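Structure first, commentary second.
Residue numbers (this note's numbering): 124 to 391.
Here is the structure:
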C-alpha cells in the first residue's frame, strides 16, 4: 500500500518494522521447526524418539505450507533438492572417518547415523529465500552468468568434502565469489519504495543468523561438535563463513526456479 506522506525518521521506522515483519514471515518454516526443537523433550514423546518427532513435525509443516499455497510444487522440488544435498553432507561429516559432529540420540529414522530430519535444516534456508523473494518482490541486477555462479556453487560444495584431504580452500573460493558478485545488487520493497542492498551483504547476514540458529540447536543438544560433548560452548565463529558460503550455494539453486529467474538480470 503506497504511503507517500511517510518521510524522514517516521518512514525509516515504518520500513524497518515492515522489513523485520516480512523477514519473520519468511522464516515461517524455520520458526515452527525451531519451536519444535525447544518444545519436544530430549527423551521424545511416548513411543517416539525426539529425532523421529522432529521429522514428523518437519513433514507436517512442509505439507501444510503446500496445502495452504504458501509454497508451490515447483518450489518444494527445489527444497527437496536442498534436503538431499544437505543430507549427503551430513552423512559425510558424521562418518567414522571424519566425525566433524554427531547426533547422539537414538531414533528409528536414522540413516547412516544421521536422522532424516537433518536435511530439513538445509531445506529451511531454501524455504526462507523463496518466501523472502515473494514477500519483498525481490529483483537482482548484475547477476553473473549462470555457468559462473554454478561453478562457484559446485566448488563451495566440493570444498566441504575435500578440505579433509587436500586442504581448506574456502577463502580462495570466497575471494572468487566476492569478485563474481561484487556488482550484484538485490532490489527489495519493504513497504512502497524500492531499496537496494549488495547481494554479498545479504549472503553474510543470512549466514550470521544461521550461525546463531546453530548455536541454539547445539545448546539444546540436537547435535554436538566434538568440543561440546562434555559441556556446551559457543560454535566457533569460523562456522559463520561456512554458512555464508552455503547460502551462496543455496541462492544459486533458487535462482534457477522459473519465476525467480525472470526477476534476475544478467548483463549481456
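Backbone N, C-alpha and C fix where the C-beta goes; we use that ideal spot for every residue, glycine too.
Because the structure is a prediction, the values reported are computed rather than measured.
Problem set entry | Expected contact under 8 Å - CB spacing of residue 210 and residue 237 to nearest Å | Right, the Cβ-Cβ distance comes to about 7 Å (below 8 Å), so this counts as a contact.
Exercise. Who are the Cβ neighbours of residue 214 in its own chain at under 6 Å, not counting the five residues just before and after it?
Worked result: Cβ within range, chain order: 235 and 237.
For this session: Identify which residue in 143, 243, 139 and 170 has its Cα closest to the Cα of residue 157.
Result: It is 243 whose Cα lies nearest to the Cα of residue 157.
Exercise. Just curious, the beta strand (DSSP E) that residue 308 is in, first and last residue?
Worked result: Residue range 308 to 311 is occupied by the beta strand (DSSP E) that includes residue 308.
For this session: Would you identify the three-state DSSP class for residue 252, choosing helix, strand or coil?
Result: Residue state, collapsed to three classes: helix.
Problem set entry | residue 225 in three-state terms, based on DSSP | In the structure shown, the three-state DSSP call for residue 225 is strand.
For this session: Report yes if the C-beta distance between residue 175 and residue 230 is below 7 Å; otherwise report no.
Result: Against a cut-off of 7 Å, the Cβ pair of residue 230 and residue 175 comes out as a contact.
Exercise. From this set, 336, 315 and 370, which residue's C-alpha is nearest residue 142's C-alpha?
Worked result: Its Cα nearest to that of residue 142, the residue 315 stands out among 336, 315 and 370.
Exercise. Less than 7 Å separating the beta-carbons of residue 177 and residue 240?
Worked result: At a Cβ-Cβ threshold of 7 Å, residue 177 and residue 240 count as neighbours.
Exercise. Below 8 Å, can you find three or more Cβ-Cβ pairs linking the region 265 to 282 to the region 217 to 228?
Worked result: No, the region 265 to 282 does not touch the region 217 to 228.
Exercise. Does the Cβ of residue 255 have 16 or more other Cβ atoms within 10 Å, making it buried, or fewer, making it exposed?
Worked result: Per the 10 Å Cβ criterion, buried.
Problem set entry | According to DSSP, residues forming a beta bridge with residue 238 | Bridge partners of residue 238: 233.
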